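Asks: The structure is given below, and queries will be raised subsequently.
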């Protein structure tokens, strides 16, 4: 048993590498050899994790991944617990359908962060993902519970079809954020395009936002200015084409 | 034993086990947090008549509260585990939920015994309420006319200690009051302790039951009433013309001991004849606070 499992990128993939075997809770029961033998798919062909990563440590649910991984997909898919830190950028499907634990990506991430598997009704159902950079399209799409934090900009369709949960965006968001949202919250600290099916409710100081941002600053070390903690937010209810019990909270000043 | 010439009786205060919750109320300013806390802890001096005992534990700086706003910590006691949630749901719903700008958090987060207080209060939202999980804890957002009321879903419950006490026996009422005020000042804001009576002081200490009225569970403590010295089995020394009592409830025995250690010496002022304590021969409760042992 070690304090942490470390995966160091040894052989950068030349094509998309689907590494949905990487999940912090799964590593808790495996030694380094067993982790290296976990299956991956590289360019549509089967392989093992050890062909691409040097594995150190084992039997730990604290996992660190070293290297820049823009072509590595589905890291943390189905993760149910533990802590996973990624030093570089990652590809699409980070934290796909995860249900617990924390993922901390120290750089950019691709599409569908915390999203759903193809054809599935629900994306992530619990846990926390923080991306300290930009994300692609549909971050938090169809999420049922949990928290996705993006410190940079987000692509199109952020939080699309959310059932519940929270997405916090420190940067800008592309069009279509919150479309088909049933419940759940999108907290936007920068300007955000809202679908026409959201309706303005009021401008106020939502007490849970201060609590949440304070938690993120403390627990995740996120750089969030005081003005956002106690600031005023415009509340837009929506998506009124759906259940309409969700919201976009847009920062409106101190 | 004497402190500043004041005799410390060789006796003990007898206390009993209670159930306790710690409520952290925050507000836009400390004024509003205190307004809510004051209402919440109103009419909560003794379980004899109020069914609960409560008081302000201390003021919290913004840096010490979950949401970074100034706050007040309240300790809330009942005799059994069933009545604690009942009292809290009713009182929080009428005093903190109603108070502008406030939010309400659990002050015993590591305690495994949980009370679903916020979960019960959420129905005030009439279906418009929403929950958020932040850092593994669930909070309820209740829409109100002002904006939103935020309350934690569950609150921790501990076994606490109620009924710690000491009596200030003084030459006259002014000296007793001055000593009591000094003791309260010394004990106020100590962690884990509240003084549930008005200003922290009781003038009407009671004995268990009644000599005359069967329905009364508590009546005047006639052995310590100076006006009855001539007609009852008085326990008052000569020269004592007024007695005040300090009652303490705490999250544990050590908190009460620490408060008594601070409060009793502070009460030993000119005009005070002796410090003693109320007990019932060990029949009332399992917690015995021996004055001389605490002060040694």
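Chains as they are written, first to last, in the working numbering: chain W, 1 to 254; chain H, 1001 to 1296. We put the beta carbon where it would ideally sit given N, CA and C, even for glycine. From a predicted model like this one, the values you see are computed outputs, not experimental measurements.
#1: Between which two residues does the beta strand (DSSP E) harbouring residue 191 (chain W) extend?
#2: Have a look at the DSSP bridge pairing and note the partners of residue 1140 (chain H).
#3: If you follow the beta strand (DSSP E) that residue 108 (chain W) is part of, which residue opens it and which one closes it?
#4: Using 8 Å as the limit for Cβ to Cβ distance, is residue 1034 (chain H) near chain W?
#5: With H, G and I counted as helix, E and B as strand and the rest as coil, what does DSSP make of residue 1181 (chain H)?
#6: If we ignore side chains and look at the alpha-carbon of each, how far apart do residue 89 (chain W) and residue 83 (chain W) end up?
#7: Using the Cβ count rule (16 or more neighbours within 10 Å means buried), how would you classify residue 2 (chain W)?
#8: Looking at chain W, is there any beta carbon in it that lies within less than 8 Å of the beta carbon of residue 1110 (chain H)?
#9: Name, in chain order, the residues that DSSP records as bridge partners for residue 1250 (chain H).
#10: Indicate whether residue 144 (chain W) and residue 122 (chain W) have their beta-carbon atoms separated by less than 8 Å.
#11: Would residue 1213 (chain H) count as contacting chain W if we go by Cβ distances under 8 Å?
#12: Short check: CB of residue 1256 (chain H) to CB of residue 1057 (chain H), under 8 Å?
#13: Using a cut-off of 8 Å between C-beta atoms, extract the partners of residue 166 (chain W) located in chain H.
#14: Would you grab the beta carbon distance between residue 197 (chain W) and residue 233 (chain W) for me? Rounded to a whole angstrom, and I think it's under 8 Å.
#15: Are residue 1280 (chain H) and residue 1247 (chain H) touching if we call contact CB-CB under 8 Å?
#16: Pull out every residue of the region 39 to 62 of chain W whose Cβ sits closer than 8 Å to any Cβ of chain H, in chain order.
#17: Could you tell me which chain H residues have their CB closer than 8 Å to the CB of residue 212 (chain W), listed as they occur along the chain?
#18: From residue 1208 (chain H) to residue 1046 (chain H), what distance separates their C-alpha atoms?
#19: Tell me whether the beta-carbon of residue 1239 (chain H) lies closer than 8 Å to the beta-carbon of residue 1171 (chain H).
#20: Listed from N- to C-terminal order along the chain, which residues in the region 227 to 242 of chain W have their beta-carbon within a distance smaller than 8 Å of any beta-carbon of chain H?
#21: DSSP state of residue 207 (chain W), grouped into three classes?
#22: Can you name the residues of chain H whose CB is closer than 9 Å to the CB of residue 206 (chain W)?
#23: Just the C-alpha distance for residue 1284 (chain H) and residue 1088 (chain H), rounded to the nearest angstrom, thanks.
#24: Taking only beta-carbon positions, decide if residue 219 (chain W) is within less than 8 Å of chain C.
#25: Can you name, in chain order, every residue of its own chain whose Cβ lies under 6 Å from the Cβ of residue 190 (chain W), other than the five neighbours on each side?
#26: Since residue 1083 (chain H) is in the alpha helix (DSSP H), which residue starts that stretch and which ends it?
#27: Would you kindly check if the distance between the Cβ of residue 1251 (chain H) and the Cβ of residue 1075 (chain H) is under 8 Å?
#28: Is the CB-CB distance between residue 1271 (chain H) and residue 214 (chain W) below 8 Å?
#29: Mind checking whether residue 127 (chain W) and residue 107 (chain W) have CB atoms under 8 Å apart?
#30: So, do the region 147 to 159 of chain W and the region 173 to 190 of chain W have three or more beta carbon pairs nearer to each other than 8 Å?
#31: Kindly confirm or deny that the region 1079 to 1087 of chain H and the region 1219 to 1228 of chain H touch, where touching means at least three C-beta pairs closer than 8 Å.
#32: When the Cα of residue 74 (chain W) is compared with those of W:152, W:150, W:216 and W:109, which residue comes out closest?
#33: State the Cα-Cα distance for the pair residue 41 (chain W) and residue 95 (chain W), rounded to the nearest angstrom.
Replies: So, from the data block:
#1: One-based indexing of the first chain puts residue 191 (chain W) at position 191. That residue, residue 191 (chain W), is in no beta strand (DSSP E); it is neither H nor E in DSSP.
#2: Taking the first residue of the second chain as position 1, residue 1140 (chain H) is located at position 140. H:1131 and H:1151, per the DSSP bridge assignment.
#3: Indexing the first chain from 1 puts residue 108 (chain W) at position 108. Where residue 108 (chain W) is concerned, there is no enclosing beta strand (DSSP E), given that its DSSP letter is neither H nor E.
#4: Numbered from its first residue, the second chain carries residue 1034 (chain H) at position 34. Output row for residue 1034 (chain H): interface = no.
#5: Within the second chain, the letter at position 181 stands for residue 1181 (chain H). Residue 1181 (chain H) falls in the helix class under three-state DSSP.
#6: Here residue 89 (chain W) refers to the residue found at position 89 of the first chain. Here residue 83 (chain W) refers to the residue found at position 83 of the first chain. C-alpha separation (whole angstroms): 17 Å.
#7: The residue labelled residue 2 (chain W) in the question sits at position 2 within the first chain. Per the 10 Å Cβ criterion, exposed.
#8: Against the second chain, residue 1110 (chain H) aligns to sequence position 110. Judged by the 8 Å Cβ criterion, residue 1110 (chain H) is not in contact with chain W.
#9: For the purposes of this step, residue 1250 (chain H) is taken as residue 250 along the second chain, with counting starting at 1. Looking at the DSSP assignment, residue 1250 (chain H) forms a beta bridge with H:1161 and H:1193.
#10: Within the first chain, the letter at position 144 stands for residue 144 (chain W). Within the first chain, the letter at position 122 stands for residue 122 (chain W). Yes, these two residues count as a Cβ contact at 8 Å.
#11: Reading the second chain from its first residue, position 213 is the one you call residue 1213 (chain H). Chain W contact via Cβ: absent.
#12: For the purposes of this step, residue 1256 (chain H) is taken as the residue at position 256 of the second chain. For the purposes of this step, residue 1057 (chain H) is taken as the residue at position 57 of the second chain. Going by C-beta atoms, residue 1256 (chain H) is not nearer than 8 Å to residue 1057 (chain H).
#13: For the purposes of this step, residue 166 (chain W) is taken as the residue at position 166 of the first chain. In chain order: 1132.
#14: Counting from one through the first chain, the residue named residue 197 (chain W) turns up at place 197. Counting from one through the first chain, the residue named residue 233 (chain W) turns up at place 233. 19 Å between Cβ atoms; not a contact.
#15: The residue given as residue 1280 (chain H) occupies position 280 in the second chain. The residue given as residue 1247 (chain H) occupies position 247 in the second chain. No, Cβ-Cβ distance for residue 1280 (chain H) and residue 1247 (chain H) is not below 8 Å.
#16: none
#17: Numbered from 1 along the first chain, position 212 holds the residue referred to as residue 212 (chain W). Near residue 212 (chain W) (Cβ distances below 8 Å), the residues of chain H are 1132 and 1134.
#18: As a first step, residue 1208 (chain H) must be located in the second chain, where it is residue number 208. As a first step, residue 1046 (chain H) must be located in the second chain, where it is residue number 46. Cα to Cα, residue 1208 (chain H) sits roughly 13 Å from residue 1046 (chain H).
#19: Position 239 of the second chain, counted from the first residue, corresponds to residue 1239 (chain H). Position 171 of the second chain, counted from the first residue, corresponds to residue 1171 (chain H). Contact: yes.
#20: 229 and 230
#21: One-based indexing of the first chain puts residue 207 (chain W) at position 207. It is helical.
#22: Position 206 of the first chain, counting from 1, holds the residue named residue 206 (chain W). Under the 9 Å cutoff, chain H gives 1141, 1147, 1148 and 1150.
#23: If you number the second chain from 1, residue 1284 (chain H) lands on position 284. If you number the second chain from 1, residue 1088 (chain H) lands on position 88. If I take the Cα positions, the gap works out to 26 Å.
#24: The chain inventory of the structure shown lacks chain C, comprising the protein chains W and H.
#25: In the first chain, residue 190 (chain W) corresponds to position 190, counting from 1. Within the same chain, residue 190 (chain W) has close Cβ partners 171 and 172.
#26: For the purposes of this step, residue 1083 (chain H) is taken as residue 83 along the second chain, with counting starting at 1. 1083 to 1095 is the span of the alpha helix (DSSP H), which, as asked, contains residue 1083 (chain H).
#27: Here residue 1075 (chain H) refers to the residue found at position 75 when the second chain is read from its first residue. Here residue 1251 (chain H) refers to the residue found at position 251 when the second chain is read from its first residue. Against a cut-off of 8 Å, the Cβ pair of residue 1251 (chain H) and residue 1075 (chain H) comes out as a contact.
#28: On the second chain, residue 1271 (chain H) is found 271 positions in, with the first residue counted as 1. On the first chain, residue 214 (chain W) is found 214 positions in, with the first residue counted as 1. No. Outside cutoff.
#29: Locating residue 127 (chain W) in the first chain gives position 127, counting from the first residue. Locating residue 107 (chain W) in the first chain gives position 107, counting from the first residue. Going by C-beta atoms, residue 127 (chain W) is not nearer than 8 Å to residue 107 (chain W).
#30: yes
#31: no
#32: The sequence position of residue 74 (chain W) within the first chain is 74, counting from 1. The option with the nearest alpha carbon to residue 74 (chain W) is W:109.
#33: As a working mapping, residue 41 (chain W) is identified with position 41 in the first chain. As a working mapping, residue 95 (chain W) is identified with position 95 in the first chain. Approximately 17 Å between the Cα atoms of the pair.
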